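Protein chains in written order, with the working numbering: chain D, 1 to 391; chain L, 392 to 617.
Below is one structure, written out as structure tokens; comments come after it.
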Amino acid sequence: MDRYVVQAEEIVTNVLSVSVSGEAGSFPVEAHFEAGRGITALFGASGAGKTTVLKMIAGTNRPHTGRIVAGGRVLFDRAAGVDLAPSKRQVGFVFQDGRLFPHLSVRRNLDYARWAGRRAAVRPFAEVVALLGLEHHLDRSPDTLSGGERQRVAIGRALLSDPAILILDEPLSSLDHARRGEIMPYLEAIREETSIPILYVSHEIDEIARLADTLVVMTGGKTIAAGPAPQVFGNPNVLPILGRERAGSLIEGIVTAIDAGFGLANVDAEGAALEIPADGLRVGQHVRLRIQANDVAVAATRPEDLSVRNIIRCQIDTISSDAGSPHCSIGLAIGSQRLQARITRKSLVELGLGVGGTVHALLKAVSVERHAMPLLPIPQVGDGTVGPRVR
Amino acid sequence: MSESDIAIVLLSAKVASVAIIAALAPAFAVAWVLARGAFPGKGVLQAVVTLPLVLPPVATGYTLLSLFGSNGPLGRFFETVFGLTFAFRWTGAALAAGVMAFPLLVRPIRLSIEAVDQGLEEAARTLGASRIMTFLTVTLPLVVPGVIAGAVLGFAKALGEFGATITFVSNIPGETQTLSLAIYSFMQSPTGDAAARRLIVISVAIAFAAILASEWIAMWFRRRKS
Numbered sequence: 001m002d003r004y005v006v007q008a009e010e011i012v013t014n015v016l017s018v019s020v021s022g023e024a025g026s027f028p029v030e031a032h033f034e035a036g037r038g039i040t041a042l043f044g045a046s047g048a049g050k051t052t053v054l055k056m057i058a059g060t061n062r063p064h065t066g067r068i069v070a071g072g073r074v075l076f077d078r079a080a081g082v083d084l085a086p087s088k089r090q091v092g093f094v095f096q097d098g099r100l101f102p103h104l105s106v107r108r109n110l111d112y113a114r115w116a117g118r119r120a121a122v123r124p125f126a127e128v129v130a131l132l133g134l135e136h137h138l139d140r141s142p143d144t145l146s147g148g149e150r151q152r153v154a155i156g157r158a159l160l161s162d163p164a165i166l167i168l169d170e171p172l173s174s175l176d177h178a179r180r181g182e183i184m185p186y187l188e189a190i191r192e193e194t195s196i197p198i199l200y201v202s203h204e205i206d207e208i209a210r211l212a213d214t215l216v217v218m219t220g221g222k223t224i225a226a227g228p229a230p231q232v233f234g235n236p237n238v239l240p241i242l243g244r245e246r247a248g249s250l251i252e253g254i255v256t257a258i259d260a261g262f263g264l265a266n267v268d269a270e271g272a273a274l275e276i277p278a279d280g281l282r283v284g285q286h287v288r289l290r291i292q293a294n295d296v297a298v299a300a301t302r303p304e305d306l307s308v309r310n311i312i313r314c315q316i317d318t319i320s321s322d323a324g325s326p327h328c329s330i331g332l333a334i335g336s337q338r339l340q341a342r343i344t345r346k347s348l349v350e351l352g353l354g355v356g357g358t359v360h361a362l363l364k365a366v367s368v369e370r371h372a373m374p375l376l377p378i379p380q381v382g383d384g385t386v387g388p389r390v391r
Numbered sequence: 392m393s394e395s396d397i398a399i400v401l402l403s404a405k406v407a408s409v410a411i412i413a414a415l416a417p418a419f420a421v422a423w424v425l426a427r428g429a430f431p432g433k434g435v436l437q438a439v440v441t442l443p444l445v446l447p448p449v450a451t452g453y454t455l456l457s458l459f460g461s462n463g464p465l466g467r468f469f470e471t472v473f474g475l476t477f478a479f480r481w482t483g484a485a486l487a488a489g490v491m492a493f494p495l496l497v498r499p500i501r502l503s504i505e506a507v508d509q510g511l512e513e514a515a516r517t518l519g520a521s522r523i524m525t526f527l528t529v530t531l532p533l534v535v536p537g538v539i540a541g542a543v544l545g546f547a548k549a550l551g552e553f554g555a556t557i558t559f560v561s562n563i564p565g566e567t568q569t570l571s572l573a574i575y576s577f578m579q580s581p582t583g584d585a586a587a588r589r590l591i592v593i594s595v596a597i598a599f600a601a602i603l604a605s606e607w608i609a610m611w612f613r614r615r616k617s
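Here it is as structure tokens:
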């Protein structure tokens, strides 16, 4: 454990740095992104090239050019002639289908990296077993495990291989909805209790909204945006890929006060005061709010006598609409973050709204979905298209 | 069972065991290449390996005789380099049995290698296992049932081999006269009927035991897996 703490302090900003181009079959794949501690989500539709990028990091697909650095170690550098074997990369890989060894018990699977891979026992076995709740399954055969249990064993097996980075390739995609909810808290626990950077691949926007610290978006074999998740969520170029209807906005802030009588919490998001349901929140806690664009209304002048608790004065910084669609999306700046609102084009015209104009965003407190986020002390800078991190 | 019966059974068992043990490693290598390799001429290799299965055994025996006989090129080579003679010796009977059983060994091993999910090997590599360690701890254990199935099938074939053996190393009591050759000899003799029948009963018992053993091994593997 200590070793990781030291590492995290030494490597101030980027724990994972990828800049490669190569191909999958004859399909060109190019990826450029940097990620810090916590969970980095790699998002894209199936066929966008996500798995190829993972294989390049794990060493099972060789890029034509570029460089990959993880946890301070150069895994691949074409110019310098570095290309570590997969067994030497210390990339803890959790595959979509688990890939547990069917002829070995859960225990033998978990400590495989130690007896067959000669990896150092940095993390105590019992600690990982407890973290993933596997105490009662150690002597079972993988065939008898449920889908969720199998993925937990796969995660534990990767964690016990002394990884410099943990890669999860759509680990929840083979599970039904209930099982997904069962695994997510374990992933959050790993983020909080270890300092191993996690690269999480998914095409589920809900998982990403909840888990991602950094978000990398891929489409057509290329990374098109990378940076802190809230900023990338607010990037109008990315919005069509994330799904204009479902993505919504991520707004992060700090709980400043709790009104126990009415069960509400005040959240400060870069100067904007928000009021949301308080259940479980504490003063000083960082929260991430996920706000659907359909739940945000705008008013040209400040309305009075409304049930709506949140009226935020902000500036319009983007307007995008699809030709022929009755709707349009407007981006509202809240500090360096961006709140998306989806209104009709007719309202846009009648209210005379334009980029640079000031409006009042209306947001019902009950429609806010929130996730408590652990404190990640390292500030990050994205790819230049987005501002500095708000934490 | 008379003393000579026991001698015949023991000789047959020795010939078949030596044949299978010696053939196992090359059969595994060929099965591996056929399952995992991609090279021109793979079809030809596949055909050559299958040949003893479809060729008349007498033809295989004759080919062995011309290659491994006292005057054959390979026969001379083994004689001078290793001091190993095949012609009219039990070693020749084992060679004939091994060659005839070879395709039956290769096929189940090949199928079980093809059935191994290569994703598991990839997973082992990311966990730090070298190629050799991955083979020993993941691939081999998953292939073992196929190896056992091949070995049992091959052993049964080797035990009953007749045509190639009698053509290559003749029918010499105590040296090359295995179970099937002995039954044949007794049937040729006017007073041999009882002895032939005895050996047939023994053959049935051995075959029965072999089938039961292979079933039991397969079951043991299934149970261990689940």
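Every residue, glycine too, gets a C-beta built ideally from N, C-alpha and C.
Bear in mind the structure is a predicted one, so any value in this text is a computation, not a measurement.
Burial state of residue i, where buried means 16 or more other Cβ atoms lie within 10 Å
i: leucine 430 of chain L; result: Leucine is not the amino acid found at residue 430 of chain L; the sequence shown has phenylalanine there. Phenylalanine 430 of chain L should be labelled exposed.
i: isoleucine 399 of chain L; result: buried
i: asparagine 310 of chain D; result: buried
i: lysine 658 of chain L; result: Any answer about residue 658 of chain L is impossible in this case: the structure gives chain L only from 392 up to 617.
i: arginine 389 of chain D; result: With a pLDDT of 35 at arginine 389 of chain D, under the threshold of 50, the modelled position of that residue is not reliable, and no figure is offered here.
i: lysine 55 of chain D; result: buried
i: leucine 160 of chain D; result: buried
i: glutamate 10 of chain D; result: Model confidence at glutamate 10 of chain D stands at a pLDDT of 40, short of 50, so the residue's coordinates are unreliable; what they give is reported in the following sentence. Glutamate 10 of chain D is exposed by the Cβ-count criterion.
i: aspartate 2 of chain D; result: With a pLDDT of only 37 at aspartate 2 of chain D, under 50, the local geometry of the prediction cannot be trusted, and no value is derived from it.
i: methionine 491 of chain L; result: buried
i: phenylalanine 459 of chain L; result: buried
i: methionine 218 of chain D; result: buried
i: aspartate 162 of chain D; result: buried
i: glycine 72 of chain D; result: exposed
i: leucine 527 of chain L; result: exposed
i: alanine 370 of chain D; result: Checking the sequence shown, residue 370 of chain D turns out to be arginine, not alanine. Looking at its Cβ environment, which holds 16 or more other Cβ atoms inside 10 Å, arginine 370 of chain D is buried.
i: histidine 136 of chain D; result: exposed
i: glycine 382 of chain D; result: For glycine 382 of chain D, the pLDDT reaches just 37, beneath the cut-off of 50, and the residue's location in the model is therefore unreliable, leaving the point undetermined.
i: serine 580 of chain L; result: exposed
i: valine 439 of chain L; result: exposed
Beta-carbon spacing of residue i, residue j below 8 angstroms
i: glutamine 337 of chain D; j: glutamate 252 of chain D; result: yes
i: isoleucine 334 of chain D; j: alanine 341 of chain D; result: no
i: alanine 273 of chain D; j: leucine 250 of chain D; result: no
i: leucine 66 of chain D; j: alanine 154 of chain D; result: One point to set straight first is that residue 66 of chain D is glycine, not leucine, in the sequence displayed. Taking 8 angstroms as the Cβ cut-off, glycine 66 of chain D and alanine 154 of chain D do not qualify as a contacting pair.
i: serine 576 of chain L; j: phenylalanine 553 of chain L; result: no
i: alanine 555 of chain L; j: alanine 487 of chain L; result: yes
i: histidine 212 of chain D; j: alanine 41 of chain D; result: The amino acid at residue 212 of chain D is misidentified as histidine; the sequence shows alanine. Contact flag set, yes.
i: isoleucine 500 of chain L; j: valine 543 of chain L; result: no
i: serine 105 of chain D; j: aspartate 139 of chain D; result: yes
i: glycine 284 of chain D; j: isoleucine 241 of chain D; result: no
i: alanine 48 of chain D; j: glycine 220 of chain D; result: yes
i: valine 449 of chain L; j: threonine 558 of chain L; result: yes
i: valine 507 of chain L; j: threonine 530 of chain L; result: yes
i: valine 534 of chain L; j: isoleucine 504 of chain L; result: yes
Partner residues on chain L for residue i, Cβ-Cβ distance less than 8 angstroms
i: phenylalanine 76 of chain D; result: Under the 8 angstroms cutoff, chain L gives no residues; its nearest Cβ is about 15 angstroms from phenylalanine 76 of chain D.
Member of the options whose CA lies at the smallest distance from the CA of residue i
i: glutamine 568 of chain L; options: L:Trp481, L:Ser503, L:Gly489 and L:Arg589; result: L:Trp481
i: alanine 113 of chain D; options: D:Val82, D:Leu75, D:Gly156 and D:Pro142; result: D:Gly156
i: glutamate 204 of chain D; options: D:Gln231, D:Asp176, D:Gly36 and D:Ala226; result: D:Asp176
i: lysine 88 of chain D; options: D:Ala58, D:Arg282, D:Leu160 and D:Asn109; result: D:Ala58
i: proline 236 of chain D; options: D:Ser321, D:Lys222, D:Ile258 and D:Leu281; result: D:Ser321
i: alanine 598 of chain L; options: L:Ser395, L:Met392, L:Ala407 and L:Glu394; result: L:Ala407
i: glutamine 397 of chain D; options: D:Gly36, D:Val82 and D:Ala70; result: Residue 397 of chain D falls outside the range modelled here, since chain D spans only 1 to 391, and no answer is possible.
i: glycine 489 of chain L; options: L:Gly463, L:Pro532 and L:Ser403; result: L:Ser403
i: serine 461 of chain L; options: L:Leu442, L:Gly483, L:Pro443 and L:Gly545; result: L:Gly483
i: serine 17 of chain D; options: D:Tyr186, D:Thr214, D:Arg107 and D:Gly261; result: D:Thr214
i: valine 445 of chain L; options: L:Leu590, L:Pro494, L:Glu566 and L:Glu470; result: L:Pro494
i: arginine 516 of chain L; options: D:Pro171, D:Arg118 and D:Arg282; result: D:Arg118
i: methionine 610 of chain L; options: L:Ala540, L:Ile591, L:Ser594 and L:Arg589; result: L:Ala540
Beta-carbon neighbours of residue i, restricted to chain L and to distances below 7 angstroms
i: arginine 99 of chain D; result: Gly510, Leu511 and Ala514
i: histidine 371 of chain D; result: Correct list: empty, because the minimum Cβ distance to chain L is about 30 angstroms.
Interface partners of residue i on chain L, CB under 9 angstroms
i: threonine 60 of chain D; result: Glu513, Arg516 and Thr517
Residue i: CB within 7 angstroms of a non-hydrogen atom of the ligand MG
i: serine 17 of chain D; result: Looking for the ligand MG in the displayed structure turns up nothing, as the structure carries no ligands at all.
Using Cβ-Cβ distances below 9 angstroms, what residues of the stretch 516-527 of chain L are close to chain D? Of all residues in the stretch 516-527 of chain L, Arg516, Thr517, Leu518, Gly519, Ala520, Ser521, Arg522, Met524, Thr525 and Leu527 have a Cβ within less than 9 angstroms of some Cβ in chain D.
Interface positions of the stretch 527-556 of chain L facing chain D (Cβ-Cβ less than 7 angstroms), listed along the chain: The stretch 527-556 of chain L vs chain D, Cβ under 7 angstroms: Thr528, Val529, Pro532 and Leu533.
According to a CB-to-CB cut-off of less than 7 angstroms, which residues of the stretch 106-126 of chain D neighbour chain L? Answer set for the stretch 106-126 of chain D: Tyr112, Ala113, Ala116, Gly117, Arg118 and Arg119.
For the stretch 127-160 of chain D, which residues have a CB atom closer than 8 angstroms to at least one CB atom of chain L, in sequence order? Those residues of the stretch 127-160 of chain D that come within reach of chain L (Cβ to Cβ, closer than 8 angstroms) are Ser141, Asp143, Thr144, Arg157 and Ala158.
For the stretch 81-96 of chain D, enumerate the residues whose C-beta is nearer than 9 angstroms to any C-beta of chain L, in chain order. Going along the stretch 81-96 of chain D in chain order, one finds Ala85, Pro86, Ser87, Lys88, Arg89, Gln90, Val91, Gly92, Phe93 and Phe95 with a Cβ nearer than 9 angstroms to chain L.
For the stretch 450-470 of chain L, which residues have a CB atom closer than 9 angstroms to at least one CB atom of chain D, in sequence order? Cβ contacts with chain D come from no residue of the stretch 450-470 of chain L.
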